[in-house]
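One structure below.
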Amino acid sequence: GDSVTQMEGPVTLSEEAFLTINCTYTATGYPSLFWYVQYPGEGLQLLLKATKADDKGSNKGFEATYRKETTSFHLEKGSVQVSDSAVYFCALSEGSGTYKYIFGTGTRLKVLA
Amino acid sequence: DAGVIQSPRHEVTEMGQEVTLRCKPISGHNSLFWYRQTMMRGLELLIYFNNNVPIDDSGMPEDRFSAKMPNASFSTLKIQPSEPRDSAVYFCASSPRTSSSYNEQFFGPGTRLTVL
């Protein structure tokens, strides 16, 4: 079945460092891909999305490109802030009318001042 | 919009007791999802509804768990009897059903359940 694999955390960075969180997927069809963020004590929020190959999703300085050839959707940010400390989830939507998501295990990011 | 509303936010109960978690989705959304989050297993989809009808309940752990959606604005997740291993954060999410492949899910703040 479809699946999402994320890099293990936690990831600890200094403020203004470059961030990469790896995400790869397996899917039989043509899924949409998402990054969600969960701040402490809150539910998940959509960070960015890409619905087809070579699409780049971006929001709040974060970017991810849908790479069909490598089945990847890595999250990047050029300069992280303390306020970016959170858990980041990669997800795919199977589409085909099911509207069901498959989430990765989440990667905890801690940014130090 | 008030967003997805869940109640209670925290629940502490004793093993064997019945627990009912409640969710009010965003008005106009057609799909509703129940998730469970634990450190060990991450985020697991328990069940989801389209237009109040359960579509996939394959994630429901066992018969002790049941979910209902009597109307478009309300859903419950019930655990009876509860066990300590049910301790987790339970999230409800809703989504507008469109013809697009992009179908963002909007999450509630979660209910933290502790079963002693």
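For the protein sequence lines, the chains are A and B, in the order given. Mapped onto our numbering, the consecutive letters of the first sequence carry residue numbers 68 to 180. Mapped onto our numbering, the consecutive letters of the second sequence carry residue numbers 572 to 687. In this text, a Cβ means the ideal position worked out from N, Cα and C, and glycines have one as well. Quick caveat, the model's predicted, so the values are computed rather than measured.
Euclidean distance between Cα positions of residue i and residue j
i: aspartate 122 (chain A); j: glutamate 654 (chain B); result: 45 Å
i: arginine 175 (chain A); j: methionine 611 (chain B); result: 14 Å
i: proline 652 (chain B); j: phenylalanine 140 (chain A); result: 41 Å
i: cysteine 90 (chain A); j: lysine 135 (chain A); result: 12 Å
i: threonine 137 (chain A); j: threonine 93 (chain A); result: 10 Å
i: glycine 574 (chain B); j: alanine 120 (chain A); result: 31 Å
i: proline 667 (chain B); j: threonine 118 (chain A); result: 16 Å
i: threonine 79 (chain A); j: aspartate 151 (chain A); result: 11 Å
i: cysteine 663 (chain B); j: tryptophan 605 (chain B); result: 5 Å
i: leucine 179 (chain A); j: aspartate 627 (chain B); result: 42 Å
i: alanine 84 (chain A); j: arginine 635 (chain B); result: 47 Å
i: glycine 96 (chain A); j: leucine 115 (chain A); result: 21 Å
i: valine 149 (chain A); j: threonine 685 (chain B); result: 30 Å
i: valine 587 (chain B); j: arginine 607 (chain B); result: Note on residue identity: the sequence assigns glycine, not valine, to residue 587 (chain B). Looking at the two C-alpha atoms, the distance is approximately 19 Å.
i: valine 583 (chain B); j: proline 98 (chain A); result: 39 Å
i: arginine 656 (chain B); j: proline 632 (chain B); result: 11 Å
Among the options, the one whose alpha carbon lies nearest that of residue i
i: tyrosine 168 (chain A); options: A:Leu113, A:Met74, A:Leu86 and A:Phe129; result: A:Leu113
i: asparagine 642 (chain B); options: B:Ala573, B:Glu585 and B:Arg593; result: B:Arg593
i: lysine 127 (chain A); options: A:Val78, A:Thr118 and A:Leu142; result: A:Leu142
i: glycine 46 (chain A); options: A:Leu179, A:Glu130 and A:Val154; result: In the structure displayed, chain A extends from 68 to 180; residue 46 (chain A) sits before or after that span and is not available.
Proximity below 8 Å, CB of residue i to CB of residue j
i: tyrosine 15 (chain A); j: leucine 86 (chain A); result: Shown here, chain A extends from 68 to 180; a query on residue 15 (chain A) therefore has no answer.
i: tyrosine 630 (chain B); j: glutamate 615 (chain B); result: Sequence inspection shows glycine at residue 630 (chain B); the tyrosine mentioned does not correspond to that position. Contact: yes.
i: proline 680 (chain B); j: glycine 68 (chain A); result: no
i: valine 147 (chain A); j: glutamate 75 (chain A); result: no
i: leucine 646 (chain B); j: phenylalanine 677 (chain B); result: Sequence inspection shows serine at residue 646 (chain B); the leucine mentioned does not correspond to that position. Result no, Cβ atoms of serine 646 (chain B) and phenylalanine 677 (chain B) do not sit closer than 8 Å.
i: glycine 124 (chain A); j: valine 154 (chain A); result: no
i: leucine 687 (chain B); j: glutamate 589 (chain B); result: no
i: glutamine 105 (chain A); j: isoleucine 88 (chain A); result: no
i: lysine 177 (chain A); j: proline 107 (chain A); result: no
Cβ neighbours of residue i in the same chain (closer than 8 Å, five flanking residues each side left out)
i: phenylalanine 170 (chain A); result: Val71, Tyr103, Phe156, Cys157 and Ala158
i: proline 625 (chain B); result: Ile618, Tyr619, Ala638 and Met640
Rounded distance between the beta-carbons of residue j and residue i, thought under 8 Å
i: isoleucine 597 (chain B); j: serine 665 (chain B); result: 5 Å
i: serine 160 (chain A); j: asparagine 601 (chain B); result: Incorrect: roughly 15 Å between the Cβ atoms, too far for contact.
i: leucine 617 (chain B); j: methionine 640 (chain B); result: Between methionine 640 (chain B) and leucine 617 (chain B) the Cβ distance is about 13 Å, and since that is not below 8 Å, they are no contact.
Chain-order list of residues whose beta-carbon lies under 6 Å from that of residue i (same chain, five-residue window excluded)
i: lysine 649 (chain B); result: Thr591 and Ser637
i: isoleucine 576 (chain B); result: Lys595
i: arginine 683 (chain B); result: His581 and Val660
i: threonine 609 (chain B); result: Ala659
Closer than 8 Å to chain C by CB, residue i
i: tyrosine 155 (chain A); result: Judged by its chain identifiers, the structure shown contains no chain C, and its protein chains are A and B.
Residues of its chain near residue i, where Cβ-Cβ distance is below 7 Å and the 5 sequence neighbours each way are ignored
i: proline 579 (chain B); result: Thr682
i: asparagine 623 (chain B); result: Met640, Asn642 and Ala643
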